[in-house]
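*Asks:* For the sequence shown, my numbering begins at 116 and goes up steadily by one.
A virtual CB, placed ideally from N, CA and C, is assigned to each residue, including glycine.
Would you mind keeping the following structure in view while I ask a few things?
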Amino acid sequence: MNGLFIFALAAGAPLLLWFVFSGGDADLGGDADADGSGGGVMSVIPLSTLAFVLTFFGVTGLVTRWAGTGPVTALGLALAIGVVAGVLNSTVFAWLRRTEVSSEVTDKELEGTIARVALPVSALHRGRIVLDVGGSQARMTAAPVDEGENGEIEVGARVIVVRVKDGVALVTRLAPELEGMSELET
116 MNGLFIFALA AGAPLLLWFV FSGGDADLGG DADADGSGGG VMSVIPLSTL
166 AFVLTFFGVT GLVTRWAGTG PVTALGLALA IGVVAGVLNS TVFAWLRRTE
216 VSSEVTDKEL EGTIARVALP VSALHRGRIV LDVGGSQARM TAAPVDEGEN
266 GEIEVGARVI VVRVKDGVAL VTRLAPELEG MSELET
């Protein structure tokens, strides 16, 4: 019986340590096969959950046997603790995924943002703009939205982000009637 507990601990503990110290993905379990036949155990139970079950099953079994508990009681307790640890792991990670907040701003959210030119922008060369993103200032590479636009947009001019394409803000000069509406100070 001790061999089973040692095997479970030897298989589960290294995986668990890998998840803890490498930041490994909690959902390495694969999806069902493309033909719909299913992917076996790993399509249902994530690898991190399996690592928790094996590790806690092994530790509980060894500790209870060391404490003098009979093999049937040790096996029952080890199974119960292993399953509880696995369920707890799955529940916590599912909750974390649902409540995760991203600080990333999408390109679509930048459209319509008013910015100030930090390096001149023209059809001949890209420039840089400074814009307020989520309460802090960010810098972005910028190009004029209209490739045929003559002249350059000088440093300090206010522009509006029309769209973002391949990480480059496509901008146009802010209309004079909108100048008073802008709160951006750089």
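One question on the structure: do R231 and R278 come within less than 7 Å of each other, judged by their Cβ atoms?
*Replies:* Going by beta carbons, R231 and R278 fall outside the 7 Å limit.
*Asks:* Should S251 go down as buried or exposed, given a rule of 16 or more other Cβ atoms within 10 Å for buried?
*Replies:* S251 sits exposed, since fewer than 16 C-beta atoms from the chains shown fall within 10 Å of its C-beta.
*Asks:* What residue range does the alpha helix (DSSP H) around A258 cover?
*Replies:* It is not in any alpha helix (DSSP H) - A258 instead sits in the beta strand (DSSP E) that spans S251 to P259.
*Asks:* Going by C-alpha distance, which of G197, P161 and V178 is nearest T170?
*Replies:* The residue with the shortest Cα to Cα distance from T170 is G197.
*Asks:* Is V236 buried or exposed, if buried means 16 or more other CB atoms sit within 10 Å of its CB?
*Replies:* buried
*Asks:* Where does T228 fall in DSSP's three states?
*Replies:* In the structure shown, the three-state DSSP call for T228 is coil.
*Asks:* Provide the residue(s) that pair with D222 in DSSP beta bridges, ordered along the chain.
*Replies:* Its beta-bridge partners do not exist; DSSP assigns none.
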